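Chains B and C are the protein sequences, given in the same order.
Quick note on this note's numbering: the first sequence kicks off at 374 and runs consecutively.
Quick note on this note's numbering: the second sequence kicks off at 358 and runs consecutively.
In this text, a Cβ means the ideal position worked out from N, Cα and C, and glycines have one as well.
Just so you know, these numbers come straight off a predicted model, no measurement behind them.
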Amino acid sequence: MPVVARLVLVCSLLFVSACTVASLPRFPGAGATAGRPGQEVKSGQLARAGLLLDEAVAEATAGGQLGAERLASLRFVVRARDLMTREQNEEALDLLERSMGLDGGSWYTWLYMAEAWRRGGDPARGRVYLEKLDGRVPDDERLALEIELLRRQVYLPAGLTGEFSGRDG
Amino acid sequence: MIRPRWLGSRRFFAYALGLLLLGGLAGGLLAWHFYLQTDELLTGHFAGQRWDFPSRIYSDQYAVYPGLGVDGELFAWRLKRRGYVEVRGRPGARGEYRYVAAGGEPGQPRRLELFLRSFDFPGRREAGRLLDIRLDAGGRILGMHEGPGGEEIYSFFLEPVMLAGLHGELREDRREMKIAEVPAPLVRAVVSVEDRRFFEHRGVDLRGLARAFLVNLRSGRVRQGGSTLTQQLMKNFFLDSERTLTRKAREAVMAVMAERRFSKLEILENYLNEIYLGQKGGVGVHGMWEASAWYFGREPRELSLGQAALLAGVIRAPNYYSPHRHPERAIERRNVVLRVLLDVGEIDHRTYRRALAEPLGTVPPVAATGSASHFTDFVRNELKENFPAEVLKSEGYSIFTTLDAGFQHAAERAVAEELDRLERDFPTLLREQGDRIEGALVVLNPRTGRILAMVGGRDYGRTQFNRVLNARRQTGSVFKPVVMLAAVGSEEVGRVHLLPTSRVTDEPFTWDYDGKQWSPANYSDKLYGEVTVREALERSINTATARIARDVGIEEIRDLAVRLGVDEALQPWPAISLGAYEISPFDVARVYSVFAGGGMKAEPLGVAKVVDRTGKVIEGNRLELERVIPAVDAYLVTHLLEGVMERGTGRRARTAGFTRPAAGKTGTSNDYNDAWFAGYTPGLLAVTWVGFDKAGHVGLSGSTAALPVWTRFMKEALEDRPPSAFQVPAGVELVEVDARSGLLATVACNDTITEAFLEDDVPTQHCGALSHLLPRQTDPRH
Chain B
374 MPVVARLVLV
384 CSLLFVSACT
394 VASLPRFPGA
404 GATAGRPGQE
414 VKSGQLARAG
424 LLLDEAVAEA
434 TAGGQLGAER
444 LASLRFVVRA
454 RDLMTREQNE
464 EALDLLERSM
474 GLDGGSWYTW
484 LYMAEAWRRG
494 GDPARGRVYL
504 EKLDGRVPDD
514 ERLALEIELL
524 RRQVYLPAGL
534 TGEFSGRDG
Chain C
358 MIRPRWLGSR
368 RFFAYALGLL
378 LLGGLAGGLL
388 AWHFYLQTDE
398 LLTGHFAGQR
408 WDFPSRIYSD
418 QYAVYPGLGV
428 DGELFAWRLK
438 RRGYVEVRGR
448 PGARGEYRYV
458 AAGGEPGQPR
468 RLELFLRSFD
478 FPGRREAGRL
488 LDIRLDAGGR
498 ILGMHEGPGG
508 EEIYSFFLEP
518 VMLAGLHGEL
528 REDRREMKIA
538 EVPAPLVRAV
548 VSVEDRRFFE
558 HRGVDLRGLA
568 RAFLVNLRSG
578 RVRQGGSTLT
588 QQLMKNFFLD
598 SERTLTRKAR
608 EAVMAVMAER
618 RFSKLEILEN
628 YLNEIYLGQK
638 GGVGVHGMWE
648 ASAWYFGREP
658 RELSLGQAAL
668 LAGVIRAPNY
678 YSPHRHPERA
688 IERRNVVLRV
698 LLDVGEIDHR
708 TYRRALAEPL
718 GTVPPVAATG
728 SASHFTDFVR
738 NELKENFPAE
748 VLKSEGYSIF
758 TTLDAGFQHA
768 AERAVAEELD
778 RLERDFPTLL
788 REQGDRIEGA
798 LVVLNPRTGR
808 ILAMVGGRDY
818 GRTQFNRVLN
828 ARRQTGSVFK
838 PVVMLAAVGS
848 EEVGRVHLLP
858 TSRVTDEPFT
868 WDYDGKQWSP
878 ANYSDKLYGE
888 VTVREALERS
898 INTATARIAR
908 DVGIEEIRDL
918 AVRLGVDEAL
928 QPWPAISLGA
938 YEISPFDVAR
948 VYSVFAGGGM
958 KAEPLGVAKV
968 VDRTGKVIEG
978 NRLELERVIP
988 AVDAYLVTHL
998 LEGVMERGTG
1008 RRARTAGFTR
1018 PAAGKTGTSN
1028 DYNDAWFAGY
1038 TPGLLAVTWV
1048 GFDKAGHVGL
1058 SGSTAALPVW
1068 TRFMKEALED
1078 RPPSAFQVPA
1088 GVELVEVDAR
1098 SGLLATVACN
1108 DTITEAFLED
1118 DVPTQHCGAL
1128 SHLLPRQTDP
1138 RH
């Protein structure tokens, strides 16, 4: 995708996000659409991530190679995502920590952990999880943009404009 | 008859009248003073905090999900410790469970029917509900439903276990309950058996007193007290148990005043929360809520009629009628109460008969104390900063910790029983009294830093010294992975960069530093000539490791160690490369948690949440992560340490039957004073130390003394868990190489090994003649 197109997409995502922020100060993604709780966030800024998460769980449930603990970890992320839509951020963080405890290498957990901290009003604590994402997420353009947007929302409030692409060692 | 003159005088009458008036006035003032004082006492007591509520320290809840084993010994212990009872029929009440053979045959897949208890978690209430859990032949969960044919669920939590209560001087356990929460049968039973006319009298029941008087007169001894509930409450709140007329009179007056001041329901609520109902060890059980939980493992609203009747009956003599200690007496007493309920028309004959047929339904008493004592000390200490001891003893906080009660149980057993075994196998360890071989074990989830178990010594009753936190001992070879990290890591912190396959000379040498000299030596006198970095670690070869440390740079190694979590006081002396520095098992766990956690340092966490009596979280601690070393470097060390388990000084764990993917390192300090083992699986890190408190010669290596404790714990703790492998991070390649040369393996190589390399370090040459014609072999990632 050309650079200009990417820029336009990022800007539009930022605009949509800003509008949602205006209506819901702490939980920009929640309530963007009606329907099942699990779908609400998907239509927010982690829509693609949410879709991939659901696919990963469905695939693993249908007999994929994922181990039991990693599957349980993913399911905790799904529940946490649902809780976030209901503005139960503390409970979501509890589940995400459990998810981390079961599978330390799940990028889904890291991504939603960063999102939960952003929603919880303490984006700085989400940075460490965003940094872990580098090199671990699937090669997906839409997902990359969502992560880039989250990165901006996490780093911009702290004035850390030069750290959008913090690298995981 | 002659009357004295003064008797007839007017003056006399005036004096007498005056005295009478004065006396009356004084008496009136005194009575008024007593009234005001009592009134103030009553209103102050009812309006203020009537009781001290002990805070309670809880373990973590236990997450259950498909793939987890639920019919092993440890899971059975987890249920028992929570007061769950196995029943024959379908579980009909919270806290019951049963296993059902699906095909009716032993060895076939089974089902677990589990009726969960209710529990108030911070921010949410877990309602007790029946779960239907399908198991495979190995006892692992295949799927779970809410009740038969209900909605599928993917996880649930067993409620936390209470580890300790933080009591005041009175040592009372009590949970407050509002009158609206008290089930009607319980109210009826208490009122019927203790004070039938409670809702009619005004604090003192003259009819009741007269009846009691007659009964006592007839029997020639005190059989009935005649005290109303209000009088009993006044006695418990303000007076002693002395049987004197003065006390009885004060009790009666106060009861009447209380009834004028407060409603019947307020008085009843206070009574039901105040009353003494038994004993758990040295702690009194007070109030219906606490008694309900203690005897039946239920909340009051879940009590059956028979159980409610029993609690009402127990009031008369809680220890005599204790359903735990005297079940026959308890049944008799319950039946008496049921009869009373029938007689006064509170229940009909059918209900009466049904209640008579009920089993007692008690849960075995589970002492909250006696386990995890070192951990609860640690928690108290952590809380000290924000919560004064008096507050903790009176405010009834729920302190939710990270401890896994099952792991703690396994850890305590591993330490106690393995140290006993060591003493049996090595009688030289038996010293004079008071100087026993000691041990410590700390368990963390390296991904989250949550402390899962902590055993600070083999017998808390004998010594409360917490060796996990406070025993600073030389680590010996447990430190060596830090040296190897500096050598092979991608950051190239040292002066040289080595590969796991790089060859090092294992020969005596002298290291000159700061005008001094140091000559490392191997534990055995054996010298290996030339070894790889991997072999140096796997066999724990001192001379080769020290040589690597010298080449890499001891300053750099020291700085890296501090970054990993060793304290700043660590000096850059050559001997630290072999662990000649004293740190605690807890600090060793911090360092190893970085390797196990993929390079992230998770701050160890013991207290997760402190919640007040209204359910409000007043302190919440969360996972705090920090990137300390690159993920690839952490993996390289893990891969080296996996070799220690497979071929090196840790292989004793394998021969003892521990087969899961694991990485770890033994440690033995100078003169064999301290034995260590630090090791981990992908999700569990445990560090164990064995030695004498007063530095003394253990004479055993880490492999002989400490590793068995670790192995035993790991085997038991992980019996329910599905196995998992270490994940290889991007940037690392696993390559089959020749073990001697480190070149890519070909069919020409006899002795090959799978080695982990940074992408840029992967060898390009093949071993053996004409090897350049052969393709490189690469292992699939696991």
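Checklist entry - Rounded to a whole number of angstroms, what is the C-alpha to C-alpha distance between Tyr-1037 (chain C) and Lys-592 (chain C)? => result For the purposes of this step, residue 1037 (chain C) is identified with residue 680 of the second sequence, where counting begins at 1. For the purposes of this step, residue 592 (chain C) is identified with residue 235 of the second sequence, where counting begins at 1. Cα to Cα, the separation comes out at about 59 angstroms.
Checklist entry - Within this structure, are the beta carbons of Asn-827 (chain C) and Ser-728 (chain C) separated by less than 8 angstroms? => result Within the second sequence, the letter at position 470 stands for residue 827 (chain C). Within the second sequence, the letter at position 371 stands for residue 728 (chain C). Not in contact: Asn-827 (chain C) and Ser-728 (chain C) (Cβ atoms no closer than 8 angstroms).
Checklist entry - What does DSSP give as the partner residues of Ser-479 (chain B) in its beta bridges? => result Numbered from its first residue, the first sequence carries residue 479 (chain B) at position 106. Answer is none; Ser-479 (chain B) lacks a bridge partner.
Next on the checklist: Under 7 angstroms, CB to CB, which of the residues in the segment 735 to 761 of chain C have a partner in chain B?
Outcome noted: none
Item to check | Status (buried if at least 16 other CB within 10 Å, exposed otherwise) for His-731 (chain C) | outcome: Residue numbering aside, residue 731 (chain C) sits at position 374 when the second sequence is read from its first letter. Burial call: buried.
Item to check | 7 angstroms Cβ shell around Lys-1072 (chain C) - same chain, five flanking residues per side excluded | outcome: In the second sequence, counting from the first residue as 1, residue 1072 (chain C) sits at position 715. Answer for Lys-1072 (chain C): Gly-1014, Phe-1015, listed in chain order.
Item to check | Proximal residues to Val-1044 (chain C) (C-beta, below 6 angstroms), its chain only, five neighbours per side dropped | outcome: Walking along the second sequence from the start, residue 1044 (chain C) turns up at place 687. Same-chain partners within the cutoff: Val-799, Pro-942, Val-945, Ala-946, Ala-1035.
Item to check | 8 angstroms Cβ cutoff, Glu-463 (chain B) in contact with chain C | outcome: Against the first sequence, residue 463 (chain B) aligns to sequence position 90. At least one chain C Cβ lies under 8 angstroms of Glu-463 (chain B).
Checklist entry - Going by C-alpha distance, which of C:Asp-816, C:Thr-1103, C:Asn-573 is nearest Gln-1122 (chain C)? => result As a working mapping, residue 1122 (chain C) is identified with position 765 in the second sequence. Here the closest residue by C-alpha is C:Thr-1103.
Item to check | Proximal residues of chain C, C-beta to C-beta of Ala-441 (chain B) below 9 angstroms | outcome: The residue given as residue 441 (chain B) occupies position 68 in the first sequence. Within 9 angstroms Cβ-Cβ: Tyr-422, Pro-423, Gly-424, Leu-425, Arg-497, Ile-498, Arg-1078, Pro-1079, Ser-1081.
Item to check | Separation of Glu-656 (chain C) from Arg-355 (chain C), as counted between CA atoms | outcome: With chain C running from 358 to 1139 in the structure shown, residue 355 (chain C) is simply not present.
Item to check | Reference Arg-781 (chain C); option with closest CA among C:Ile-794, C:Arg-770, C:Glu-769 | outcome: For the purposes of this step, residue 781 (chain C) is taken as the residue at position 424 of the second sequence. Comparing Cα positions, the closest option is C:Ile-794.
Checklist entry - What's the gap between the Cα of Val-968 (chain C) and the Cα of Gln-526 (chain B)? => result Mapped onto the second sequence, residue 968 (chain C) falls at position 611. Mapped onto the first sequence, residue 526 (chain B) falls at position 153. Roughly 32 angstroms separates the two Cα atoms.
Item to check | Asp-777 (chain C) versus Gly-814 (chain C): straight-line alpha-carbon distance, rounded | outcome: Translated into the one-based positions of the second sequence, residue 777 (chain C) becomes position 420. Translated into the one-based positions of the second sequence, residue 814 (chain C) becomes position 457. Computed Cα separation, rounded: 13 angstroms.
Checklist entry - If you drop the 5 nearest sequence neighbours on each side, which residues of the same chain put their C-beta closer than 8 angstroms to that of Glu-913 (chain C)? => result Reading the second sequence from its first residue, position 556 is the one you call residue 913 (chain C). Result list for Glu-913 (chain C): Ala-843, Val-850, Gly-851, Arg-852, in chain order.
Checklist entry - Hey, is Ala-429 (chain B)'s beta-carbon within less than 8 angstroms of any beta-carbon in chain C? => result Sequence index remark: in the first sequence, residue 429 (chain B) carries index 56 (1-based). No, Ala-429 (chain B) does not count as interfacial toward chain C.
Checklist entry - Since Glu-999 (chain C) meets chain B, which of its residues come closer than 8 angstroms, beta carbon to beta carbon? => result Position 642 of the second sequence, counting from 1, holds the residue named residue 999 (chain C). Near Glu-999 (chain C) there are no residues of chain B at all, since even the closest Cβ is about 17 angstroms away, more than 8 angstroms.
Item to check | Distance, Glu-503 (chain C) Cα to Ile-510 (chain C) Cα | outcome: Within the second sequence, the letter at position 153 stands for residue 510 (chain C). Within the second sequence, the letter at position 146 stands for residue 503 (chain C). Whole-angstrom Cα-Cα distance: 7 angstroms.
Item to check | Unbroken alpha helix (DSSP H) run spanning Phe-732 (chain C), endpoints | outcome: Residue numbering aside, residue 732 (chain C) sits at position 375 when the second sequence is read from its first letter. Taken as a continuous stretch (DSSP letters only), the alpha helix (DSSP H) holding Phe-732 (chain C) covers 730 to 741.
Checklist entry - Using a C-beta to C-beta distance shorter than 9 angstroms, which residues of chain C count as neighbours of Arg-492 (chain B)? => result Against the first sequence, residue 492 (chain B) aligns to sequence position 119. Correct list: empty, because the minimum Cβ distance to chain C is about 14 angstroms.
Checklist entry - Which runs of the alpha helix (DSSP H) spanning at least 4 residues fall entirely within the segment 553 to 599 of chain C, listed in chain order? => result 563 to 576, 586 to 595
Next on the checklist: If you measure between the beta carbons of Phe-555 (chain C) and Leu-602 (chain C), is that distance less than 8 angstroms?
Outcome noted: Translated into the one-based positions of the second sequence, residue 555 (chain C) becomes position 198. Translated into the one-based positions of the second sequence, residue 602 (chain C) becomes position 245. Contact: no.
Checklist entry - Which stretch, first to last residue, makes up the alpha helix (DSSP H) that contains Met-1002 (chain C)? => result Numbered from its first residue, the second sequence carries residue 1002 (chain C) at position 645. Taken as a continuous stretch (DSSP letters only), the alpha helix (DSSP H) holding Met-1002 (chain C) covers 988 to 1004.
Checklist entry - How would you list, in chain order, the residues of chain C whose beta-carbon sits under 8 angstroms from the beta-carbon of Met-473 (chain B)? => result On the first sequence, residue 473 (chain B) is found 100 positions in, with the first residue counted as 1. Neighbours of Met-473 (chain B) on chain C, chain order: Arg-804, Thr-805, Leu-980.
Checklist entry - Leaving out the 5 sequence neighbours to the left and right, which residues in its chain are closer than 8 angstroms to Leu-660 (chain C) when beta-carbon positions are compared? => result The residue you call residue 660 (chain C) lines up with position 303 of the second sequence. The answer, listed in chain order, is Pro-540, Pro-542, Leu-543, Ser-649, Phe-653, Leu-668.
Checklist entry - What is the residue span of the beta strand (DSSP E) that Leu-488 (chain C) lies within? => result Here residue 488 (chain C) refers to the residue found at position 131 of the second sequence. Run containing Leu-488 (chain C): 487 to 492, per the beta strand (DSSP E) assignment.
Checklist entry - Should Leu-997 (chain C) and Pro-857 (chain C) be called a contact, given that it needs their Cβ atoms to be closer than 8 angstroms? => result Position 640 of the second sequence, counted from the first residue, corresponds to residue 997 (chain C). Position 500 of the second sequence, counted from the first residue, corresponds to residue 857 (chain C). In this structure, Pro-857 (chain C) lies closer than 8 angstroms to Leu-997 (chain C) by Cβ.
Checklist entry - Closer than 8 angstroms, CB to CB, is Gln-1084 (chain C) near chain B or not? => result Start at 1 with the first residue of the second sequence, and residue 1084 (chain C) comes out as number 727. True, the Cβ-Cβ gap to chain B drops below 8 angstroms.
Checklist entry - Whose CA, out of C:Ser-1026, C:Ala-1062, C:Phe-1049, C:Phe-1070, lies closest to the CA of Leu-1042 (chain C)? => result As a working note, residue 1042 (chain C) is residue 685 in the second sequence. For Leu-1042 (chain C), the nearest C-alpha among the options comes from C:Phe-1070.
Item to check | chain B residues whose Cβ lies nearer than 8 angstroms to that of Arg-604 (chain C) | outcome: For the purposes of this step, residue 604 (chain C) is taken as the residue at position 247 of the second sequence. None at all; the shortest Cβ gap to chain B is about 52 angstroms.
Next on the checklist: Let me see if you follow: with CB-CB separation under 8 angstroms, is Ala-445 (chain B) close to chain C or not?
Outcome noted: For the purposes of this step, residue 445 (chain B) is taken as residue 72 along the first sequence, with counting starting at 1. Yes, its Cβ sits closer than 8 angstroms to a Cβ of chain C.
Next on the checklist: Nearer than 7 angstroms: is that true of the beta carbon of Gln-1122 (chain C) relative to any heavy atom of the ligand ZN?
Outcome noted: With respect to the ligand ZN, the structure shown offers nothing to examine, as it has no ligands at all.
Item to check | Three-way DSSP call (helix, strand, coil) for Gln-928 (chain C) in this model | outcome: Taking the first residue of the second sequence as position 1, residue 928 (chain C) is located at position 571. Looking at Gln-928 (chain C) - three-state DSSP - the assignment turns out to be coil, as it is neither helix nor strand.
Item to check | Integer Cβ distance of Gly-936 (chain C) from Ser-1081 (chain C), believed to fall under 8 angstroms | outcome: The count along the second sequence starts at 1 and reaches residue 936 (chain C) at position 579. The count along the second sequence starts at 1 and reaches residue 1081 (chain C) at position 724. Actually they do not touch by this definition, with Cβ atoms about 30 angstroms apart.
Item to check | For Phe-1034 (chain C), the first and last residue of its enclosing beta strand (DSSP E) | outcome: For this step, residue 1034 (chain C) is matched to residue 677 along the second sequence. Where Phe-1034 (chain C) is concerned, the enclosing beta strand (DSSP E) stretches over 1031 to 1038.
Checklist entry - When the Cα atoms are used, what is the spatial distance from Asn-630 (chain C) to Thr-719 (chain C)? => result The residue given as residue 630 (chain C) occupies position 273 in the second sequence. The residue given as residue 719 (chain C) occupies position 362 in the second sequence. Approximately 21 angstroms, taken between the alpha carbons.
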